[in-house]
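Per our numbering, the very first residue in the sequence shown carries number 212; after that it's consecutive. The C-beta atom is built at its ideal place from N, Cα and C for all residues, glycine as well. First comes the structure, then the notes that go with it.
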Amino acid sequence: MQKLPFGFTSKEIIDQGRTSRENIDAVKQWLSSVDSAIIPRVQDELVVIFLLSCDNDLPLAQHTITMYYKCKRNSPDIFDNREMDRADLKKAMNS
(Lines of atoms letter the chains of each structure in order from A and count residues from 1; the text may use other names and numbers.)
(Lines give C-alpha, C1' and ligand atoms only; values in the text may rest on other atoms or scores of the structure.)
Protein backbone atom coordinates (compact mmCIF):
# COMPACT_ATOMS: atom_id res chain seq x y z
CA MET A 1 0.00 0.00 0.00
CA GLN A 2 1.37 3.38 -1.02
CA LYS A 3 1.43 5.92 1.82
CA LEU A 4 -0.02 9.22 0.66
CA PRO A 5 0.60 12.51 2.45
CA PHE A 6 -2.60 13.85 3.98
CA GLY A 7 -2.89 17.06 5.98
CA PHE A 8 -4.56 15.16 8.82
CA THR A 9 -4.59 11.82 10.56
CA SER A 10 -7.58 9.57 11.06
CA LYS A 11 -7.11 9.96 14.81
CA GLU A 12 -7.49 13.75 14.53
CA ILE A 13 -10.76 13.37 12.63
CA ILE A 14 -12.03 10.82 15.15
CA ASP A 15 -11.04 13.11 18.05
CA GLN A 16 -13.02 15.92 16.38
CA GLY A 17 -16.07 13.66 16.37
CA ARG A 18 -16.41 13.77 12.58
CA THR A 19 -16.30 9.98 12.18
CA SER A 20 -15.59 6.98 14.37
CA ARG A 21 -13.02 4.21 14.57
CA GLU A 22 -15.95 1.79 14.18
CA ASN A 23 -16.91 3.33 10.82
CA ILE A 24 -13.32 3.23 9.58
CA ASP A 25 -12.93 -0.37 10.72
CA ALA A 26 -16.24 -1.36 9.08
CA VAL A 27 -15.09 0.04 5.73
CA LYS A 28 -11.65 -1.57 6.12
CA GLN A 29 -13.33 -4.91 6.93
CA TRP A 30 -15.47 -4.59 3.81
CA LEU A 31 -12.37 -3.68 1.76
CA SER A 32 -10.62 -6.82 2.99
CA SER A 33 -13.43 -8.89 1.45
CA VAL A 34 -13.09 -7.20 -1.96
CA ASP A 35 -10.60 -8.38 -4.57
CA SER A 36 -7.53 -6.15 -4.15
CA ALA A 37 -7.08 -6.17 -7.93
CA ILE A 38 -10.36 -4.24 -8.13
CA ILE A 39 -10.03 -2.03 -5.07
CA PRO A 40 -6.55 -1.74 -3.53
CA ARG A 41 -5.90 -1.67 0.18
CA VAL A 42 -5.97 1.94 1.34
CA GLN A 43 -4.82 3.80 4.39
CA ASP A 44 -7.23 5.01 7.06
CA GLU A 45 -7.06 8.64 5.94
CA LEU A 46 -8.45 7.81 2.50
CA VAL A 47 -11.25 5.83 4.15
CA VAL A 48 -11.95 8.92 6.27
CA ILE A 49 -12.23 11.08 3.13
CA PHE A 50 -14.80 8.71 1.66
CA LEU A 51 -16.73 8.52 4.94
CA LEU A 52 -16.83 12.30 5.34
CA SER A 53 -17.86 12.84 1.73
CA CYS A 54 -20.73 10.39 2.27
CA ASP A 55 -21.80 11.83 5.64
CA ASN A 56 -20.67 8.61 7.39
CA ASP A 57 -23.23 6.56 5.47
CA LEU A 58 -21.42 3.20 5.25
CA PRO A 59 -23.31 1.70 2.27
CA LEU A 60 -22.94 4.97 0.36
CA ALA A 61 -19.22 5.15 1.20
CA GLN A 62 -18.75 1.57 -0.01
CA HIS A 63 -20.61 2.35 -3.24
CA THR A 64 -18.59 5.55 -3.72
CA ILE A 65 -15.30 3.69 -3.22
CA THR A 66 -16.39 1.04 -5.72
CA MET A 67 -17.40 3.63 -8.32
CA TYR A 68 -14.24 5.69 -7.76
CA TYR A 69 -11.98 2.74 -8.46
CA LYS A 70 -14.16 1.60 -11.37
CA CYS A 71 -13.82 5.06 -12.96
CA LYS A 72 -10.11 5.10 -12.22
CA ARG A 73 -9.63 1.67 -13.79
CA ASN A 74 -11.74 2.50 -16.86
CA SER A 75 -10.25 5.97 -17.49
CA PRO A 76 -6.46 5.70 -17.18
CA ASP A 77 -6.09 8.71 -19.48
CA ILE A 78 -7.61 10.86 -16.73
CA PHE A 79 -6.09 9.26 -13.65
CA ASP A 80 -2.63 8.06 -14.68
CA ASN A 81 0.55 10.15 -14.74
CA ARG A 82 -0.76 12.73 -12.27
CA GLU A 83 2.66 13.86 -11.07
CA MET A 84 2.19 17.56 -10.33
CA ASP A 85 5.94 18.23 -10.41
CA ARG A 86 6.14 17.52 -14.14
CA ALA A 87 7.74 20.37 -16.11
CA ASP A 88 4.89 20.59 -18.63
CA LEU A 89 2.29 20.94 -15.85
CA LYS A 90 4.34 23.58 -14.03
CA LYS A 91 4.63 25.52 -17.28
CA ALA A 92 0.88 25.27 -17.90
CA MET A 93 0.06 26.42 -14.35
CA ASN A 94 2.39 29.41 -14.66
CA SER A 95 1.00 30.53 -18.03
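In the DSSP assignment, Ala237 falls within the alpha helix (DSSP H) that extends over Arg232 to Ser243. Asn234 and Ile249 have their C-alpha atoms some 21 Å from each other. Under the three-state reduction of DSSP, Ala248 is assigned to coil, being neither helix nor strand. Of the residues Pro270, Ser243, His274 and Arg232, the one whose Cα lies closest to the Cα of Glu256 is Arg232.
Distance from the CA of Ile225 to the CA of Ser306, rounded to the nearest whole angstrom, comes to 41 Å.
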